[in-house]
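Undergrad: Sharing a structure here in structure tokens format.
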Amino acid sequence: MKLLPQFEALEEKYGEKVKFAKVEVPKNRRLCMELKVMGLPSLLLFKDGKEVDRVGGDVDVAAIEEKIGKLL
């Protein structure tokens, strides 16, 4: 399962409480290097401006929702 459809569904569900951002890797290589993104897809979770978790690869939307729930 691809991460983008899951990401968009979560954005629709939590958009009032959580800020979502997509990054185009080819256009933002420096940012990806700074964030140490080694594989795609990757979902980085931040709280108060600091990375607190990350998810990569083929991940179930329920697992992502659980991580978001813990941060809210």
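My numbering puts the first residue of the sequence shown at 1408, with every later residue one more than the last. In this text, a Cβ means the ideal position worked out from N, Cα and C, and glycines have one as well.
Within the continuous beta strand (DSSP E) that includes K1462, where are the two ends?
TA: Taking the sequence shown and counting its residues from 1, one reaches residue 1462 at position 55. Rather than Lys, the amino acid found at residue 1462 in this sequence is Val. It spans K1457 to G1463 - the beta strand (DSSP E) in which V1462 sits, taken as one unbroken run.
Undergrad: Give the secondary structure of F1427 by DSSP, where H, G and I count as helix, E and B as strand, and everything else as coil.
TA: In the sequence shown, the residue the question calls residue 1427 occupies position 20. Coil at F1427, not helix or strand.
Undergrad: Who does K1454 pair with in a DSSP beta bridge?
TA: Residue 1454 sits at position 47 when you count from the first residue of the sequence shown. Paired residues: K1457.
Undergrad: Whether or not the stretch 1411-1430 and the stretch 1469-1478 are in contact is what I'm after, with contact meaning three or more pairs of Cβ atoms, one per stretch, closer than 8 Å; do they touch?
TA: Using a C-beta cut-off of 8 Å, the stretch 1469-1478 makes contact with the stretch 1411-1430, since at least three inter-stretch Cβ pairs fall below that distance.
Undergrad: I'd like to check one pair, L1451 with L1410: are the Cβ atoms closer than 8 Å?
TA: Mapped onto the sequence shown, residue 1410 falls at position 3. Mapped onto the sequence shown, residue 1451 falls at position 44. 8 Å or more divides the Cβ of L1410 from the Cβ of L1451.
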